[in-house]
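Visitor:
Residue numbers (UniProt numbering): 1 to 661.
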């Protein structure tokens, strides 16, 4: 895994890539910043369009550990084979060498004002001295301590001893639950003494089998769906690398060494656990669901209850060595959890790291079925008023504000966001309800981890400050003025707008000269029937109590707003699926605010434009509802028949949109 672009220093450049300039010499025992040319903030792209090819790969794919070994090798990143080779250089020294930073991370270029990331070695004072040094250099920048297994105890100890330093702890399967280990590691020493001396060289292989590493390698290669010949070749290379390099460890991993290590685990665990009350640092615990060594999931829950600013994420199919698992991407995790920041507070706009193409595919894949089932028709309006299929009528340069109708449960979002990304290379920054970012208390609402993908795709909590920052960075902003009330509408309210009486976005958009694109989307009534809505559920005691409980857990919006838009009670309507119909989108002609800043400072003029935008959205909805009746391929069976004869990658026709709207 490399650390470049998003962090100012990876830790020790002890792991060196061939044909790459190392960030520091092997004798360095502290983090070293790697100077680079000035770069724009990762969240800012030219004209608001995501640069998701080379630039994204250079800036964002830089922090990797484990995952997608073949792809990483192609990008010049470390593979498992490289990791074992470099480990061998360290353990082969007879004198052990001086204390130093070690991690399977590689340093590289960085963006301006990036925070420091340190992967922890085995000495608290060494870590602490480096942390204090970095803090003295820039007290306004956070310091990341990324720790795995035993190093988790070190990170907690350092945080407890330095509560006034802005530390962010990323702990993967910390061994604070050592005494409860599944494997009862304490018994290993006893067992190892029973092994004949001539067979003790097999101890590293035994430990590797206990962690399930070989099986993981097979599962990882299979999951990639590579051609059989390529899969066998990859497995052969990785297995050979692992077995040949494990032999180097047999010389140093003796019974005495293992005994010493286990004693260190006991003392380190006791030390960290006794000081948890003093830890004030923001903490993210990454727990593996298939950890064969420790009860990591249970320990993560325990630590969350003890540490004041702690969140957890569980990886159900991963083992103990999480960072060496396939598909684990530290940058994606930090982005999805909103744990990446470069200042004292997290900025949802300026600290955002757009996804790489591979990260986008990973987010999109579980929801692809909706795109396939509804086969969306995307229509946009050119400057001359003509309607065309596709997104040619969408402005390329930001800032742009897209204002539209929110379907039931936000069903329109997946096709909408994916088409903008695929066809126009535009990342829509959605303005979302705060419940996706914070909870007032624990209860029945989904865990914040349920919204990680939404944060990964750039959603921000609704606020005037976030609007300001989005427009100032020339972003493409997606807004639903009807919000939750519209997305949780009642029976008979399909395609009805529930907007506030007063404008909430016009003057802010005008301040930056943003284009406003009204749009409508229809099709929710073609894929589901609303069986029980809010009014029905409120009449059932069980659901009534559940609704009240859910509403109390979330931040309230528009609580003092008059009208139906202020009714923000959280509930889950009961919907009966239908045979899928089709989704339709129409983006109206962009409305210019450039040059109208002075005019739109007037509340009256701003309100007139607000009503104009609302009227355009309603016209888009009416147009789509009327014309979809003439679409011969509105039904999924008609579309399947068409594709069976024309190819499954062919574009399915729709109604005649060439006539004037």
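The beta carbon of each residue, even a glycine, is placed where N, CA and C say it ideally should be.
1. Which two residues bound the contiguous alpha helix (DSSP H) that contains residue 614?
2. Of all the options 531, 494 and 269, which has the alpha carbon lying nearest to the alpha carbon of residue 153?
3. Using the C-alpha atoms, what's the distance from residue 332 back to residue 361?
4. Report the residue from 654, 600 and 595 whose alpha carbon sits nearest the alpha carbon of residue 581.
5. Is it buried or exposed, residue 288, if we count other Cβ atoms within 10 angstroms and call 16 or more buried?
6. Below 6 Å CB to CB, which residues in the same chain sit around residue 501 once its five sequence neighbours on both sides are set aside?
7. Can you tell me whether residue 269 is helix, strand or coil according to DSSP?
8. Could you have a look at residue 659 and say whether DSSP puts it in helix, strand or coil?
9. Please report the distance separating the alpha-carbon of residue 621 from that of residue 348.
10. Just the C-alpha distance for residue 513 and residue 168, rounded to the nearest angstrom, thanks.
11. Can you say whether residue 505 is buried or exposed, counting buried as having 16 or more other CB atoms within 10 angstroms of its CB?
12. Please classify residue 515: does DSSP put it in a helix, a strand, or coil?
13. Where are the beta strand (DSSP E) runs, 3 residues long or more, that stay fully inside the stretch 429-506, in chain order?
14. DSSP has residue 147 in a bridge; who is on the other side?
15. Does the stretch 404-414 come close enough to the stretch 522-537 that 3 or more CB-CB pairs lie under 8 Å?
16. For the stretch 169-183 against the stretch 285-304, are there 3 or more C-beta pairs whose distance is under 8 Å?
17. Here's the rule I'm using: 16 or more other beta-carbon atoms within 10 Å means buried, otherwise exposed. How should residue 508 be labelled?
18. On a CA-only basis, which of 318, 312, 313 and 342 is nearest residue 138? Give me that one, please.
19. Does the Cβ of residue 627 have 16 or more other Cβ atoms within 10 Å, making it buried, or fewer, making it exposed?
20. Does the stretch 416-423 come into contact with the stretch 527-541, if we say contact requires no fewer than three beta-carbon pairs (one atom in each stretch) closer than 8 Å?
21. Could you check where the beta strand (DSSP E) with residue 367 kicks off and where it finishes?
22. Does the Cβ of residue 648 have 16 or more other Cβ atoms within 10 Å, making it buried, or fewer, making it exposed?
23. For residue 400, name the three-state secondary structure that DSSP assigns.
24. How would you label residue 484, buried or exposed, when you count the other beta carbons within 10 angstroms and need 16 or more for buried?
25. Tell me whether residue 515 is buried or exposed, calling it buried when 16 or more other Cβ atoms sit within 10 Å of its Cβ.
26. Kindly indicate which residue of 165, 517 and 571 has the alpha-carbon position closest to the one of residue 382.
27. Would you check if there are 3 or more beta carbon pairs closer than 8 Å linking the stretch 542-558 to the stretch 594-604?
28. Report the rounded CA-to-CA distance for residue 395 versus residue 590, giving the unit in angstroms.
29. Considering just the uninterrupted stretch of the alpha helix (DSSP H) at residue 129, what are its terminal residues?
30. Could you tell me whether the Cβ atoms of residue 583 and residue 354 are closer together than 7 Å?
31. Can you give me the C-alpha to C-alpha distance between residue 372 and residue 497, rounded to a whole angstrom?
32. If we count the other Cβ atoms within 10 Å of its Cβ and call it buried at 16 or more, is residue 663 buried or exposed?
33. Could you work out which residue in 635, 617 and 540 is closest to residue 481 when comparing CA atoms only?
34. Taking DSSP as the reference, what is the three-state secondary structure of residue 648?
35. In or out: residue 430 buried (at least 16 other Cβ within 10 Å) or exposed?
36. To which residues of the same chain is residue 663 closer than 7 Å at the C-beta, ignoring the five residues directly before and after it?
Guide: Taking the coordinates as given:
1. 603-627
2. 269
3. 12 Å
4. 654
5. buried
6. none
7. helix
8. coil
9. 32 Å
10. 38 Å
11. buried
12. strand
13. 476-479
14. 171
15. yes
16. yes
17. buried
18. 342
19. buried
20. no
21. Segment: none, residue 367 is in no beta strand (DSSP E) and carries neither H nor E.
22. exposed
23. strand
24. buried
25. buried
26. 517
27. no
28. 8 Å
29. 124-137
30. no
31. 27 Å
32. As displayed, the chain neither begins before 1 nor continues past 661, which places residue 663 out of reach and without an answer.
33. 617
34. coil
35. buried
36. This structure cannot speak to residue 663, because the chain is shown only from 1 to 661.
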